[in-house]
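In our numbering, the protein residues as written are 704 to 1417.
Set out below in structure tokens:
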């Protein structure tokens, strides 16, 4: 009997049991103990309370301060000009700026001239109305040139010829390289004849989108206007002017006419196919996403896809290694090749072979966890199918972000326009004082915090819905109403937790933005050695901050899942999530591999599927006769479908992470008792197979101490 007892213990030790065991280190560190919330645990916490209320108040205060900063820059507001901020005028950013840095329609000298008309130099002059027709006998000029034209006596004989000749003399000067920059242009006498333009947001844009090509003769009356506008074959009759276009003008006109025709056809195609683009890009992509989810639920399909991709990755590295090796052998036999090149290709072959071996070892070590990850992915597909409305939840997040961005953008617009326009090194730019500069950084920080808060709150709500589905034995009770209930619970109780986690990410993002700003400034350092050192140090810091940001986002996401399940505040949730990750690191690695493959394939399938459906509808229906280029609506459909696929993947990825945590918690709480666990039958079967019947043999392992006791008594 004693021998029987001694045999049972090794059998239990040799069994691969993935349940976390309480080791000596666990006894010393109570934080790393398996979950113990009692076997009467009935799923996500029902009696919740508001978490991290202080962070809720801080976020509300941040929004209040943002409003104060914005209103201080808005003319006519009750607090206009307070806090050391100047009132802004968005027209400074929208309206054109003439060659003297005057804002059209704003500055006193040009207050009645709202439109900007471009000169050949690229700079412009403020005018009252954009010209609509060609007129070689009329000009828009800089101030000095306009004064000279206005001084011509219009009562004398031949004044028109003199006027036109004088105008084109200044058109010629305008083309001189000395007038190419704003500072020099102020000393030049510059004009441009009237040519057809369109008023686009107070900018006079040429209908032909060409620069003004002006030519003037050396003699006033005889060579007044050979070219009034580029590509105009028949300039209006002026005394002494030629009517035949030059070959260059004709060629440019033909090219532009073809380009305009091309643009008009594309615009017409967009108008005809607009509803097809939106319908298939959005709703078609969602339909394909659900079809993809349904296909993956078919027994064997998901496993075939995942293992097929895993094998394909290994074969790819192996084939690449073989190709590099063959190339290396061929190069060694080629006398024209350098030996270093052949050796370099050989080393590359060894590197690819090492990657293939590393990949194979990783897969071998994680093969059972990969089977578990496949089971979890199937459960996520079931969850999404049970609550289909959860797929469009990111749309609600986008709408919430828009609600925030609208006032934020208005405030930033007035803040950005509160500076002074100056010419620095020949370029016009807005210059800000220190107070405005700091206020700008604050607005950036608030944007990061608010956008990350919306994402975080959405993750908590999704985790609530998925965890409720997991910890419900009768899945028939779960539906779209569960998502609505989760929205109410998450938005009411865990606003502060989302604000806490998003605050950390916002601080990191703001630091990274400041590093980017400093990097941009360091490009102006004249000392090349100091410049390289500064850029290298900043690049290293930015890389470190990027890594910290990714790690914190991962921890935050898992902390939100803990909050959704147990109702913890952020710090406790983050701590529990961190140690839960440590106890199940292999499973998480396997899920990352599987989810990465499944989500990437899903993104490709959804995008391609929606685009194909759109193509079938456009190519085999009467609408095809109205299209000039069928590829154009397909491109826009693919773009929209790609973002819908990303939205789909976001929900699916969160569902997989939540189900993994729920399963780990379920397993730790019920010690692997499959009858008590909430895991679905398919998931239990997957785990049992991957662990050599862990659930079935658990009773044997547990019975080993009893046999030993019996032997001792005997």
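Where a beta carbon is used, it is the ideal one built from N, C-alpha and C, also for glycine.
Let me confirm a value: residue i is counted as buried when at least 16 other C-beta atoms fall within 10 Å, else exposed. Which label applies?
{"i": "residue 1164", "result": "buried"}
{"i": "residue 1312", "result": "buried"}
{"i": "residue 1111", "result": "buried"}
{"i": "residue 1053", "result": "exposed"}
{"i": "residue 811", "result": "exposed"}
{"i": "residue 1383", "result": "buried"}
{"i": "residue 1070", "result": "exposed"}
{"i": "residue 1057", "result": "exposed"}
{"i": "residue 1106", "result": "exposed"}
{"i": "residue 760", "result": "exposed"}
{"i": "residue 763", "result": "exposed"}
{"i": "residue 1341", "result": "buried"}
Using only the alpha-carbon positions, how far apart do residue i and residue j sit?
{"i": "residue 840", "j": "residue 865", "result": "10 Å"}
{"i": "residue 995", "j": "residue 832", "result": "57 Å"}
{"i": "residue 854", "j": "residue 893", "result": "16 Å"}
{"i": "residue 1259", "j": "residue 1212", "result": "15 Å"}
{"i": "residue 1091", "j": "residue 1104", "result": "22 Å"}
{"i": "residue 1115", "j": "residue 1024", "result": "54 Å"}
{"i": "residue 1251", "j": "residue 1207", "result": "10 Å"}
{"i": "residue 1047", "j": "residue 1040", "result": "12 Å"}
{"i": "residue 1204", "j": "residue 1108", "result": "20 Å"}
{"i": "residue 1055", "j": "residue 1064", "result": "14 Å"}
{"i": "residue 1172", "j": "residue 1219", "result": "43 Å"}
{"i": "residue 1228", "j": "residue 1242", "result": "16 Å"}
{"i": "residue 1010", "j": "residue 966", "result": "47 Å"}
{"i": "residue 848", "j": "residue 1221", "result": "43 Å"}
{"i": "residue 778", "j": "residue 1253", "result": "41 Å"}
{"i": "residue 1032", "j": "residue 1043", "result": "12 Å"}
{"i": "residue 1019", "j": "residue 1000", "result": "28 Å"}
{"i": "residue 930", "j": "residue 850", "result": "Low local confidence applies: a pLDDT of 34 at residue 930 is under 50, so the model's placement there is unreliable, with the coordinate-based value given in what follows. Rounded to whole angstroms, residue 930 to residue 850 spans 23 Å at the Cα level."}
{"i": "residue 1381", "j": "residue 1344", "result": "36 Å"}
{"i": "residue 1325", "j": "residue 977", "result": "15 Å"}
{"i": "residue 1140", "j": "residue 1297", "result": "46 Å"}
{"i": "residue 1113", "j": "residue 773", "result": "8 Å"}
{"i": "residue 1349", "j": "residue 1246", "result": "25 Å"}
{"i": "residue 1125", "j": "residue 814", "result": "18 Å"}
{"i": "residue 1002", "j": "residue 1195", "result": "40 Å"}
Are the CB atoms of residue j and residue i within a distance shorter than 9 Å?
{"i": "residue 900", "j": "residue 1197", "result": "no"}
{"i": "residue 1261", "j": "residue 1280", "result": "yes"}
{"i": "residue 1089", "j": "residue 1181", "result": "yes"}
{"i": "residue 1189", "j": "residue 1167", "result": "yes"}
{"i": "residue 905", "j": "residue 1117", "result": "no"}
{"i": "residue 693", "j": "residue 829", "result": "It is not possible to answer for residue 693, since the shown part of the chain is limited to 704 through 1417."}
{"i": "residue 1330", "j": "residue 983", "result": "no"}
{"i": "residue 1200", "j": "residue 1272", "result": "yes"}
{"i": "residue 988", "j": "residue 1347", "result": "yes"}
{"i": "residue 992", "j": "residue 1351", "result": "yes"}
{"i": "residue 819", "j": "residue 877", "result": "no"}
{"i": "residue 1270", "j": "residue 795", "result": "no"}
{"i": "residue 1100", "j": "residue 1161", "result": "yes"}
{"i": "residue 979", "j": "residue 1321", "result": "yes"}
{"i": "residue 1145", "j": "residue 873", "result": "no"}
{"i": "residue 1365", "j": "residue 1174", "result": "yes"}
If residue i and residue j are in contact, beta carbons under 8 Å, what's the gap, nearest whole angstrom?
{"i": "residue 1337", "j": "residue 1318", "result": "6 Å"}
{"i": "residue 1075", "j": "residue 1293", "result": "7 Å"}
{"i": "residue 1268", "j": "residue 1119", "result": "So it is not a contact: roughly 44 Å between Cβ atoms."}
{"i": "residue 1078", "j": "residue 1378", "result": "That belief does not hold up - the Cβ atoms of residue 1078 and residue 1378 are roughly 18 Å apart, past 8 Å."}
{"i": "residue 1436", "j": "residue 981", "result": "Here the chain covers residues 704 to 1417 and nothing more, so residue 1436 does not appear."}
{"i": "residue 799", "j": "residue 827", "result": "6 Å"}
{"i": "residue 1012", "j": "residue 1300", "result": "5 Å"}
{"i": "residue 1068", "j": "residue 1017", "result": "Going by Cβ atoms, the distance from residue 1068 to residue 1017 rounds to 14 Å, so no, they are not a contact pair."}
Which one of the options has the shortest CA to CA distance from residue i?
{"i": "residue 1098", "options": "986, 1333 and 1238", "result": "986"}
{"i": "residue 971", "options": "1249, 1146 and 1332", "result": "1332"}
{"i": "residue 1193", "options": "1170, 872, 1257 and 1102", "result": "1170"}
{"i": "residue 757", "options": "1202, 1216, 1257 and 1229", "result": "1202"}
{"i": "residue 1226", "options": "1215, 1217, 1238 and 1216", "result": "1238"}
{"i": "residue 1264", "options": "1232, 1215, 1307 and 1159", "result": "1159"}
{"i": "residue 1210", "options": "908, 1148, 898 and 1327", "result": "1148"}
{"i": "residue 1081", "options": "1359, 1019, 1308 and 788", "result": "1359"}
{"i": "residue 974", "options": "1339, 1357 and 1373", "result": "1339"}
{"i": "residue 1142", "options": "781, 789, 1175 and 1282", "result": "789"}
{"i": "residue 1132", "options": "1122, 1139, 1140 and 846", "result": "1122"}
{"i": "residue 1291", "options": "1334, 1073, 1255 and 1231", "result": "1073"}
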